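Everything on this sheet refers to the single structure shown next.
Chains as they are written, first to last, in this note's numbering: chain E, 888 to 1118; chain P, 7 to 307.
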């Protein structure tokens, strides 16, 4: 579904990613792991069109999205849940969702469905996003991305700093989406979460995609984690 | 009382001009030094529209009221797309670019419109005597002292400004385009990641900001005159207002415009206009020292 071919990108003249290729199929969870500064977030931002592509191709169902202006990438059907949530803090929960709904002109049934997934948000619709708890903010960030009915969902460390019950709630939604056929690209640091969720695991090292393995391989081969994560 | 009324007229026009500047800074983080020139352009276009259309002055004025802000808005949007977009909205470079824009607009106006100050006839202008209360022989009595009067046009300016400001407020809080602008203001990257064409939003905001300045100018030309250097004062006062009110805060801007406009009017009448400017500048200095984010601003994260 989402196919990234030999992309090079970075910030200004500082190149971060070198010939990174990966692909995620519908109904699959691909976890991206690597040390801090390995280029995980850079890869996400490049896919979203927020960083310029120096070379390479990014396609979604065969459609070239790598050369689209940033605001059209989301319209093609990629939902993005960035690191640190990045909500529109001064807007209310309802307004944050509305921005999501406007992206692809989703109908009211999408909103109803998203609120069914996160019932706690429907109690807080008129509250400003910045007044929500950390877990609720993460729910809102996820809900906002789901409002565009994504074919591909990109999550950048969604469970960072959350309490276990919230991690559980987010995970349930991710699994549910996978079962509905959404392609999921997940950046995650916690090994146990990756082992429980991932269909495949890709390791980034210094901007280069070093290896893609199955979770079984990761479970048995301790040297992998030592090499790419330092644990 | 007379001074307060004059002050209110100044405040009304100032609020329109400053809200445009504040909107542009709030959403785009661009300090638009050319803002005063868009104001001047509004006045000059108002004059040319009003004089080229014959008939009753009201027709020409009404036409100017529509045409001038639209033309100026489109010009500004074009300037945004051709200049500001090219330099990536870099904060320092946009200041230099808008200074350049300031001189270009000013000198082109000088070359075409000329150095004269020209008046526009107000659409209606009745003298209204104002009542005053005094303790007379039969208790409290109203009377109409000689010289205490204003014109219906000045009251209309105040009214029009209030209507437009309410309109801007409704646009920002109740409409889709307002929501999009606020989302862009809060997080540009995320706005893009949710399908908002940020560059187009910027062009629209820059256009609306300049259009508001032009609208303020059209309202003021029947009272003052259209002149190619008239942009400097409103620019300075707008900056003062925006700094006092808090950069990017719309309610703060309106309140500060009221404060500066009223005090400018009152102090100018009783003392001197220079003193009014001195006090306003002093107020800016005090605000910057004790509350750098402005009276209503929120601290940048």
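Beta carbons are placed, not taken as given, at the ideal position from N, Cα and C, and that holds for glycine.
On a predicted model such as this, the values are computed, not experimentally measured, just so you know.
Legend entry - Of the listed residues P:11, P:32, P:27, nearest to residue 190 of chain P (C-alpha basis): Closest option to residue 190 of chain P, Cα to Cα, is P:32.
Legend entry - Proximity to residue 56 of chain P [Cα-Cα], best of P:44, P:34, P:269, P:72: P:72
Inset, instruction - Verify the CB distance criterion: does residue 935 of chain E have a CB-CB separation below 8 Å to chain P? - result: For residue 935 of chain E, the nearest CB of chain P lies under 8 Å from its own CB, placing it at the interface with that chain.
Legend entry - DSSP-derived helix/strand/coil call for residue 133 of chain P: strand
Legend entry - Through-space distance from residue 15 of chain P to residue 902 of chain E, alpha-carbon basis: 56 Å
Legend entry - Selected residue, minimal CA-CA separation from residue 334 of chain P, among P:266, P:127, P:297: Any question about residue 334 of chain P goes unanswered here, given that chain P covers just 7 to 307.
Legend entry - Minimum Cβ-Cβ distance from residue 302 of chain P to chain E less than 8 Å: no
Inset, instruction - Count the C-beta pairs between the stretch 96 to 111 of chain P and the stretch 243 to 261 of chain P that are closer than 8 Å, then say yes if the count reaches three, no if not. - result: no
Inset, instruction - With 7 Å as the limit, tell me which residues of the stretch 957 to 968 of chain E have their beta carbon closer than that to any beta carbon of chain P; keep them in chain order. - result: 957, 958, 961, 962, 967
Inset, instruction - List in chain order: all unbroken alpha helix (DSSP H) runs of 4+ residues lying wholly within the stretch 22 to 90 of chain P. - result: 41 to 58, 63 to 85
Inset, instruction - Indicate the three-state DSSP secondary structure (helix, strand or coil) for residue 12 of chain P in the structure shown. - result: helix
Inset, instruction - Answer with buried or exposed for residue 980 of chain E, where buried requires no fewer than 16 other C-beta atoms within 10 angstroms of its C-beta. - result: buried
Legend entry - Contacting residues, own chain, Cβ-Cβ under 8 Å from residue 320 of chain P (five flanking each side not counted): The structure shown has nothing for residue 320 of chain P, since chain P only spans 7 to 307.
Legend entry - Own chain residues within Cβ distance below 7 Å of residue 289 of chain P, not counting five before or after: 250
Inset, instruction - Return no unless some Cβ of chain P is closer than 8 Å to the Cβ of residue 971 of chain E. - result: no
Legend entry - residue 117 of chain P classed as buried or exposed, judged by whether at least 16 other C-beta atoms fall within 10 angstroms: exposed
Inset, instruction - For residue 173 of chain P, decide whether its Cβ has a neighbour in chain E, counting only Cβ atoms nearer than 8 Å. - result: no
Legend entry - Sequence-distant residues of its chain with Cβ nearer than 7 Å to residue 1092 of chain E (five each side left out): 921, 925, 1115
Inset, instruction - Return the Cβ separation of residue 236 of chain P and residue 18 of chain P in integer angstroms, given the expectation that the two are a contact with Cβ distance under 8 Å. - result: Contact doesn't hold; Cβ gap of about 17 Å is too wide.
Legend entry - Secondary structure of residue 998 of chain E, DSSP reduced to three states: Looking at residue 998 of chain E - three-state DSSP - the assignment turns out to be helix.
Inset, instruction - Could you give the DSSP three-state label for residue 268 of chain P: helix, strand or coil? - result: helix
Inset, instruction - Note down the Cα distance separating residue 58 of chain P from residue 77 of chain P, rounded to an integer number of angstroms. - result: 16 Å
Legend entry - Cα-Cα separation between residue 179 of chain P and residue 185 of chain P, rounded to whole angstroms: The C-alpha of residue 179 of chain P lies about 7 Å from the C-alpha of residue 185 of chain P.
Inset, instruction - Please look up how many angstroms separate the CB atoms of residue 214 of chain P and residue 79 of chain P, rounded, as I've assumed it's under 8 Å. - result: In this structure residue 214 of chain P touches residue 79 of chain P by the C-beta definition: roughly 6 Å separates them, less than 8 Å.
Legend entry - Complete alpha helix (DSSP H) runs within the stretch 252 to 301 of chain P (minimum length 4 residues, chain order): 256 to 276, 279 to 296
Legend entry - Inter-stretch contact at 8 Å, needing at least 3 Cβ pairs: the stretch 218 to 229 of chain P / the stretch 962 to 982 of chain E: no
Inset, instruction - Using the Cα positions of residue 293 of chain P and residue 1061 of chain E, report the straight-line distance between them to the nearest angstrom. - result: Going by the C-alpha atoms only, they are around 49 Å apart.
Legend entry - Interface flag, residue 1000 of chain E vs chain P, CB-CB below 8 Å: no
Legend entry - Positions along the stretch 194 to 209 of chain P whose CB lies within less than 7 Å of some CB in chain E: 195, 196, 198, 199, 200, 201, 202, 203, 204
Inset, instruction - Please state if the CB of residue 200 of chain P and the CB of residue 961 of chain E are separated by a distance shorter than 8 Å. - result: yes
Inset, instruction - Ignoring anything shorter than 3 residues or poking outside the stretch 968 to 1046 of chain E, list the beta strand (DSSP E) runs there in chain order. - result: 1039 to 1043
Inset, instruction - Count the other CB atoms, across all protein chains shown, that sit within 10 Å of the CB of residue 998 of chain E; report buried if there are 16 or more and exposed otherwise. - result: buried
Inset, instruction - Put residue 946 of chain E into one of helix, strand or coil per three-state DSSP. - result: strand
Inset, instruction - Return helix, strand or coil for residue 866 of chain E, following the three-state DSSP convention. - result: Because chain E spans 888 through 1118 in this model, residue 866 of chain E falls outside it and cannot be assessed.
Inset, instruction - Measure how close the beta-carbons of residue 167 of chain P and residue 21 of chain P come, nearest whole angstrom, since I'm counting them as under 8 Å. - result: 6 Å
Legend entry - Cβ-Cβ distance between residue 966 of chain E and residue 916 of chain E below 8 Å: no
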